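The structure under discussion appears below in the form of structure tokens.
Residue numbers (my numbering): 6 to 727.
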């Protein structure tokens, strides 16, 4: 007998559709920690076309409010909530709030992660209603298809334009980075530039590839399951659309050449085959254990690669992951309780990374080690949450047949329409005026995404909750496998989608434990905090944008920005800051650069005041190295003693001990002070550290640095040894 849909089930469907739509919205919007500065502050044409921390936290607030409300409703009117999932999801929240106290970037990434985990917990409960699971899968697949359209455009059109610009300005581009045309660094850069990559709105090809692979297997698995279980007709063309988009996403994975995504896909394909073949009636938890095994294999591969010689099979990717893991392990040992915060990994890694690691990364490129290093021991809770979701016992209520396809279809169409409207509105607000091409790509992406979502609804109507959960397990395996070697659950655009994919492959056990009554209010409270912080940051960002407005486009004017313009804008930016506004390195350094390029002695003094305040408010490698360079310039003008620059540089070296340029700068100061023996040792150290970066030529000393090194060696050689 076919069950009917009650009010509780309809409420779950509505909440599930809304949460899935929010996950897709996150996927289709670009994000940046700072919308105003890049290299030269006076060359910025205007705000970057992306959401900053404030806008991102407001979106987090909406996700948290919906997730908290859904869990509260389940406790009051539904079967209750799973106490294990709720506790695991909430455990890292106090640490997130601790790091978010006075640092916007810590708050931004922390709330991104927590909101995504809360979304996953809520969806795992809501998809117990089969209609909800079908609607969520359709919406997620529509979103990944839209992302694929953007990626295809990048490969076919944008990459060709980028290469054409580089070919026309090759010497200029290479010179701006200090490279000669035939240097190893220049050749490596050019090789990477000429490789077409699809990144969507995420900005990272490996993360794009992971989600594209997960979406492709879910699309093709849905199509295969429909063929096996079909009991009626579907709209003409629906299966063709689903199949073509699935194949297209796999082609983009191949074009990106993401080895991690390709291997993860290879591990997940057998799970998908078992789901629609021999194990089509098996307990979904059996497939869940295989998905966990895929994640374990990825972790094991990193450890094994670290024990092999560096030149094994020409691989660098896994070797670099081993470096990240080594540095992260030292970070965990130093900060085991609360970690270094969601945005603190990069500065900590500079102090703890192996000398052979050429990269200064902001993430350990793995969910397990990232959460441990960033959140301390509480980070294990989210790792356990990901494990428990996919192996949770299937509730019998989830396997019942529910006959209400019209609601699923209308829900998906409504969700797609809402996403399209919001994305286009945000695009018009955030992105630069006149970007007609970008808007056209978005229109095409959202339209095709909606078409794929509606086509999936027709195929999913014949699949019950248990079958769909089995089909989704292959996508969960990709998240769990590639999530150990890439930033899938770190990037603000992808983290919510990853938790949503885990949720549709998982389940939650109903319960009436007292902790369930607290879950909804706590998550709602976190949403209020995120909203307050987000609105405050948007207000401050607006003030900064107003102060910078006279500079926008100055680089295109004849002669560029005048010294008076630079001086006035730098003073305006500095006047905006309060004691807790020193979180954005690029804005602070941008104001200092503006003062320095304005040129007068008084400007240098003002830059030095800012650098000293920066070191006091946010001590780290960026602030202390900048202070050293300002003091060096001040010493050249007779405004400061060279010893002060040397002292600052020593502190910067303590924060970043493997940077050869710091040792080269130190050697130059020591030569000026007549301390030639120490200068010789500093040069030797710079040469040794530079040679250790042979794994990545792009990170080695450039031609200008080498010329300076040779000049210092010549100066020292003229001095007799004592």
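Using N, Cα and C, we set each Cβ at its ideal position, and we do this for glycine too. If you're wondering where the values come from, they're calculated on a predicted model, not measured in any experiment.
Between residue 479 and residue 280, the gap from beta carbon to beta carbon is short of 8 Å.
Residue range 470 to 487 is occupied by the alpha helix (DSSP H) that includes residue 480.
When the five nearest sequence neighbours on each side are left out, the beta carbons in the same chain lying within less than 6 Å of the beta carbon of residue 494 are those of 372, 488, 500 and 503, in order along the chain. When Cβ pairs closer than 8 Å are counted between the two stretches, the stretch 214 to 232 is seen to touch the stretch 240 to 255, the count reaching three or more.
Across the structure, residue 491 and residue 723 are spaced so that their CA atoms are roughly 50 Å apart. In the DSSP assignment, residue 351 falls within the unbroken alpha helix (DSSP H) covering 350 to 357. With a cutoff of 8 Å on beta-carbon distance, residue 473 and residue 243 are scored as not near each other.
In the structure shown, the three-state DSSP call for residue 56 is strand. The stretch 365 to 379 and the stretch 126 to 143 do not touch, with fewer than three beta-carbon pairs separated by less than 8 Å.
Taking the CA atoms as reference points, residue 15 sits about 24 Å from residue 454. Annotated as distal: residue 691 and residue 361, with beta-carbon spacing of 8 Å or more. Ranked by Cα distance from residue 63, the options 112, 98, 84 and 80 are led by 112.
Beta-bridge analysis with DSSP links residue 36 to 56.
Assignment of residue 602 by DSSP, reduced to helix, strand and coil, places it in the helix class.
Residue 284: not part of any alpha helix (DSSP H); DSSP gives it neither H nor E. Contact check for residue 535 against residue 69 passes: the beta carbons are separated by less than 8 Å. With 16 or more other Cβ atoms inside 10 Å of its own Cβ, residue 496 counts as buried.
Of the residues 53, 672, 450 and 162, the one whose Cα lies closest to the Cα of residue 648 is 672. Along the length of the stretch 354 to 392, whole alpha helix (DSSP H) runs at least 4 residues long occupy 372 to 380, reported in chain order. In the three-state scheme derived from DSSP, where H, G and I count as helix and E and B as strand, residue 257 is classed as helix. Closest option to residue 296, judged by alpha-carbon separation, among 396, 357 and 232: 396. Comparing C-alpha distances from residue 176 to each of 169, 574 and 186 shows the shortest one belongs to 186. Assigned with DSSP and collapsed to three states, residue 490 falls in coil, not helix or strand.
Within the model, the alpha-carbon separation for residue 543 versus residue 67 is close to 16 Å.
Between the alpha carbons of residue 167 and residue 259 lies a distance of about 21 Å. Counting every other CB atom within 10 Å of its CB across the protein chains shown gives residue 317 a total below 16, marking it as exposed. Rounded to the nearest whole angstrom, the CA to CA distance from residue 80 to residue 89 is 15 Å.
Distance between residue 179 and residue 571, taken at the CA atoms: about 26 Å. For the options 357, 333 and 104, the alpha carbon positioned closest to that of residue 346 is the one of 104.
About 6 Å separates the beta carbon of residue 263 from that of residue 210, a gap short enough to meet the 8 Å contact definition. Under the criterion of beta carbons closer than 8 Å, residue 674 and residue 639 do not qualify as touching, at roughly 13 Å.
Residue 447 carries a helical assignment under DSSP once its states are collapsed to helix, strand and coil. With a beta-carbon spacing of about 5 Å, residue 514 and residue 87 fall inside the 8 Å limit used to define contacts. Annotation for residue 662: no alpha helix (DSSP H) segment contains it, and DSSP assigns it neither H nor E.
In this structure, residue 160 lies away from residue 520, with their beta-carbon atoms at least 8 Å apart. Secondary structure note for residue 499: it is in no alpha helix (DSSP H), with a DSSP letter that is neither H nor E.
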